[in-house]
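Residue numbers (this note's numbering), protein chains in the order written: chain A, 122 to 790; chain B, 2 to 227.
These notes concern the structure reproduced below.
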Amino acid sequence: MTQEHTVIFQPSGRRGKISHGTNVLEAARSLGVEIEAICGEKKTCGKCKIQIQEGYFEKFGVESKMSNVTPFTSDEERMLSSAEKDNNYRLSCLSEVQGDLLCFVPEEARGGQQVVRKKAGKLKYKPDPLLKIYYIEMKEPTIHDPEDDFLRIKQTLREQQGVVISRVDFFCLQNMTNKIREAKWKVTCFVLGDELVRVTPGKIEKYYGIAIDIGTTTVAAYLTDMQTGKVVATDSKMNPQVRFGEDVMSRISYSMQNPEGLGQMHKTIIDAINDIIGNLTEELNITSDDILEMVLVCNTAMHHILLNLEPKYVGVAPFPTAMAPAVDIKSRDLGLCINAAGNIHVLANEAGFVGADNCAVLINEEPYNSDESVLIIDIGTNGELLCGSKSLGVLSCSVATGPALEGAQIKFGMRAAPGAIEKVEIDVETLEPRYKVIGKADWHTDIAEVDTKGICGSGIIDVAAEFFRTGIIDKGGRFSKYAPTDRLRNDVDTGMPEYVLAWESETSIGKDIVITQGDVRAIQLAVGSIYAGAWIMMRELDIETIDKVVLAGAFGSHLSQFSCLLMGMFPDCDISNIFSVGNSAGDGARLCLVNKVKRKEADEWARKVRYVELTVFEDFERVFMKSMQFPHMDHPFPHVQHVLDEIPNWKKIAKEKKKRDKASAGAAS
Amino acid sequence: MDQAKKDELEKKLAEGVVEFDDDEVKEASEEWVATGEDTYDAIFDGLVTGMEEVGRLFATQEYFVPEMLMAADSLYIGLDIMRPHMVPRDTGVKGTVVIGTVQGDVHDIGKNIVKMMFDVAGFQVFDLGRDVPLEDFLKKQLETNSDIVCLSAMMTTTMMGMPKVIEMIKEKNPTCKILIGGAPITDDVADKFGADGTANDATNALEEAIKMIVALKDIQKEASKN
């Protein structure tokens with residue numbers, strides 16, 4: 122019996138048991154991880170790079186080390202740089218598994234890029250930025266008018282533009298003198314509030330800022346025209362910090378266990394952002410010096426790591442942050458490569474796990490201005506909820522949902538990337554499914570080569586809702602023993618029930634893709650926790666129903682509204698009043714970039730929103746438990762009652778058929 | 002009460018728990034108590050047998066947290082009625098447990114399920130609650146001289162406190178058994194931390210707890226035979 126080892130690939134998180142001696146590239150393939158292998162494993166292209174992580178990783182229970190793969194080969198000597206060799210890079214086609222491994226697939230080696238589900242939306246308010254540009258024409262100094270350059274600028278700005286500045290950034294000051302003279306005293310001044318931050322020759326017509334949503338998993342950046350608020354270029358990448366931990370808690374743990382940990386993670390994200398800045402400016406043919414402001418949003422733990430603040434206290438109750446209000450930092454102090462005088466504005470954290478990204482959603486969705494009561498569900502890797510209205514005020518809470526829904530606890534779960542099943546429908550008569558795969562336009566039944574390799578969050582929500590609607594699972598989430606379909610079977614190893622969603626021939630991984638009882642349980646926990654959070658906030662606000670539901674977040678906005686309602690992800694609501702709003706956090710960040718009033722309002726409202734710590738409630742356990750049933754153990758769902766009434770009871774149907782068969786057999790004899 | 006009647010009531014109690022039928026359990030419990038007989042067997046062969054089945058169903062995921070908690074409710078209804086009428090057996094097993102969720106952690110559903118199982122088994126349980134300062138585990142263990150200390154943590158950040166507790170207790174009381182559990186705890190982690198045993202998550206916590214109860218039941222049965 123060959124020994125088996127645990128191999129995990131980041132950033133996708135795909136993992137499995139791999140036999141000793143298996144080629145790492147093969148192992149990756151069997152787990153659905155795509156690594157570029159252009160030369161077809163002929164050992165000539167050097168593309169299939171992986172980085173072996175060294176150390177003991179609590180969360181996965183693996184000790185990964187370089188010695189857990191076969192030794193370095195001479196071919197690799199040739200194809201990897203010395204920097205790569207020093208950083209534990211190997212070529213996956215030339216290494217074999219000899220022990221447990223945690224491998225990071227660097228961006229350049231990744232095939233099948235994750236679909237970035239963080240598209241920019243339309244801004245709700247006109248721009249009125251804090252950063253403004255003014256063109257002035259100054260008089261040269263003379264013997265009668267030997268005034269200094271700074272006061273000359275100050276005076277001219279006031280006379281010609283009605284703008285008052287009171288200080289100048291030191292870096293800007295250092296560069297001003299020669300620039301002004303090169304420009305023959307005709308310059309464009311960049312003014313941030315009352316501070317002069319850049320003096321540049323000639324008349325500038327357009328200027329840009331960058332808004333970045335630093336997600337736990339995906340970083341999305343929007344190069345924005347500061348005068349129109351429109352996005353002129355977008356760039357995104359997987360957050361490279363995933364190699365230190367898939368979720369925020371494991372990243373905080375990493376910093377607790379490794380003295381260099383915080384520094385490493387901090388550097389990683391700063392480098393990634395600088396990379397993005399480079400990409401964006403290149404796309405528009407401008408330089409990084411042309412960017413004078415950035416607005417960043419992220420959840421609380423990410424915020425601390427970004428600013429190199431000790432995160433460990435955020436990781437344990439009562440979860441106090443180092444800094445809640447918004448911060449302004451000079452780019453040069455943070456090491457971000459825009460103009461050195463540039464300002465980095467990070468939105469406020471609301472509380473514990475409700476961070477700056479939720480603050481961005483808050484300013485973008487404005488529940489505090491709504492006449493209707495609204496529930497905003499922001500699900501990415503973490504989940505934050507906002508609930509309230511103009512008259513009720515606004516509450517917030519956080520729930521742990523993300524990892525399950527994004528695939529980590531689902532047997533064939535994966536992030537949204539080509540090959541992932543993202544949408545599912547099941548016929549209630551035949552119990553046969555049809556599904557859509559990312560990267561293919563049509564339903565799987567209409568295409569020849571399906572090539573699916575797993576299921577992503579939106580797919581898993583759909584499939585659970587469809588199971589419930591067709592009676593394949595009962596209210597409690599249990600697979601029915603009576604549902605008449607070959608797709609229901611028991612796992613050969615564990616004996617637990619599962620449903621085959623995609624037969625092996627439809628997949629690219631050489632096995633059937635199944636949804637297990639365990640997967641359904643993980644969904645129940647995630648969906649139940651959102652309902653519980655929503656319901657407790659509603660109880661605090663003393664309201665029994667909610668008028669409007671908004672689904673936001675990289676992941677949240679791709680969910681089927683009907684599936685979510687049927688499963689009881691939130692309290693009953695008219696489906697026409699359930700909205701998906703895309704990357705509201707990114708839009709909120711952009712709004713704060715180009716509108717100074719909104720920026721201030723975001724900071725103020727972050728303090729006004731009352732954070733509700735769910736675990737403080739004595740009955741939380743009961744509330745949570747009842748929310749785990751579909752759609753709820755006893756709360757009514759009038760808007761989907763008609764669907765609930767139609768759910769087939771396969772046990773009853775089977776018993777009745779048996780009776781009828783018996784009766785007709787009796788009649789025949 | 003003749004054996005047949007006892008068997009009937011024990012079956013009713015067990016089924017009542019498995020089907021979380023509060024009325025069934027209440028009726029059967031009251032009927033047993035009305036006979037004036039010792040309720041020991043009713044509890045162990047009735048209620049606990051039912052809970053063992055629930056545990057099995059939970060482990061195979063046929064039952065989930067709601068079903069588990071509802072079954073526990075039914076069990077407690079029976080326990081509350083019958084425990085005052087139970088003649089305790091002297092088994093030589095001390096049966097004291099200190100349990101809690103470690104400092105900085107406020108998750109306790111799993112811990113509460115484990116606590117309940119010890120409770121049912123007749124252990125004396127000192128539940129310190131959640132977000133328990135690390136030193137408090139040692140204090141309570143010394144105060145009660147408990148056999149077992151159970152530590153629970155749901156987050157990788159808070160489980161870091163466990164090795165400290167284990168070290169503190171083992172230093173003062175090397176024979177005390179320490180069991181740890183919670184989502185991030187694995188056999189490897191338990192080994193590394195120096196714990197005596199573990200249960201991986203709520204599912205296995207129940208299995209482990211039930212194994213202990215079964216073992217306890219057997220010890221008690223053996224002891225009572227002698």
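Yeah, the Cβ is synthetic: ideal placement off N, Cα and C, and Gly gets one too.
Just so we're clear, the structure is a prediction, and the values are computed from it rather than from any experiment.
- Around the C-beta of T40 (chain B), 16 or more other C-beta atoms lie within 10 Å, and the residue is accordingly described as buried.
- Shown here is that no member of the region 162 to 176 of chain B has a Cβ falling below 7 angstroms from a Cβ of chain A.
- In this structure, V475 (chain A) sits away from Y256 (chain A), with a CB-CB distance that is not shorter than 8 angstroms.
- Among the residues of chain A, those whose CB is under 8 angstroms from the CB of E68 (chain B) are G597, following chain order.
- Considered as a whole, the region 596 to 620 of chain A harbours 609 to 611 as its complete beta strand (DSSP E) runs of no fewer than 3 residues, in chain order.
- Considering only A:L344, A:S216, A:L430, the residue with the shortest C-alpha distance to V416 (chain A) is A:L344.
- Assigned with DSSP and collapsed to three states, S357 (chain A) falls in strand.
- Between the beta-carbon of D724 (chain A) and that of P441 (chain A) there is about 19 angstroms, and that puts the pair past the 8 angstroms contact cut.
- In this structure, the CA atom of L427 (chain A) is about 19 angstroms from the CA atom of G709 (chain A).
- Taken atom to atom, the span from the alpha-carbon of F758 (chain A) to that of K451 (chain A) is near 52 angstroms.
- Looking at the DSSP output, F311 (chain A) shares a beta bridge with A:I254, A:R319.
- Nearest to A537 (chain A) by alpha-carbon distance, out of A:L272, A:S678, A:I498, is A:S678.
- For a cut-off of 8 angstroms, the C-beta gap from L129 (chain B) to D137 (chain B) is around 6 angstroms, short enough to register as a contact.
- E63 (chain B) has a beta carbon lying within less than 8 angstroms of a beta carbon in chain A.
- Note that the C-beta distance between A541 (chain A) and I500 (chain A) is not below 8 angstroms.
- In terms of Cβ geometry, T337 (chain A) and N420 (chain A) form a close pair [threshold 8 angstroms].
- Under the 8 angstroms criterion on CB atoms, M377 (chain A) is classed as interfacial with respect to chain B.
- In this structure, I325 (chain A) lies away from A342 (chain A), with their beta-carbon atoms at least 8 angstroms apart.
- Rounded to the nearest whole angstrom, the CA to CA distance from P692 (chain A) to I547 (chain A) is 24 angstroms.
- Contact between the region 237 to 254 of chain A and the region 205 to 218 of chain A is absent: fewer than three C-beta pairs spanning the two stretches fall below 8 angstroms.
- For G153 (chain A), the three-state secondary structure derived from DSSP is coil.
- For V515 (chain A), the closest alpha carbon among the candidates A:L680, A:V635, A:R279, A:Y489 is that of A:Y489.
- Per DSSP, reduced to three states, the secondary structure at C685 (chain A) is helical.
- Only buried fits V571 (chain A), as 16 or more other CB atoms lie within 10 angstroms of its CB.
- In this structure, P539 (chain A) lies near G560 (chain A), with their beta-carbon atoms less than 8 angstroms apart.
- A342 (chain A) carries a strand assignment under DSSP once its states are collapsed to helix, strand and coil.
- DSSP places E184 (chain A) inside the beta strand (DSSP E), whose first and last residues are 183 to 185.
- Of all residues in the region 616 to 642 of chain A, the ones placed with a Cβ closer than 9 angstroms to any Cβ belonging to chain B are G616, M617, P618, T637, Q638, G639, V641, R642, in chain order.
- T176 (chain B) sits away from I186 (chain B), with the two beta carbons spaced by 8 angstroms or more.
- As DSSP reads the structure, Y329 (chain A) sits in a beta bridge with A:D346.
- Among the CB atoms of chain B, one or more fall inside 8 angstroms of the CB of Q750 (chain A).
- The C-beta of F588 (chain A) has 16 or more other C-beta atoms within 10 Å across all chains shown, which makes the residue buried.
- Assignment of T191 (chain A) by DSSP, reduced to helix, strand and coil, places it in the coil class.
- Inter-residue distance for D74 (chain B) and T50 (chain B) is about 15 angstroms (C-alpha atoms, whole angstroms).
- Using a Cβ distance threshold of 8 angstroms, S409 (chain A) and N464 (chain A) do not count as a contacting pair.
- Q142 (chain B) is not a Cβ neighbour of V133 (chain B), given a cutoff of 8 angstroms.
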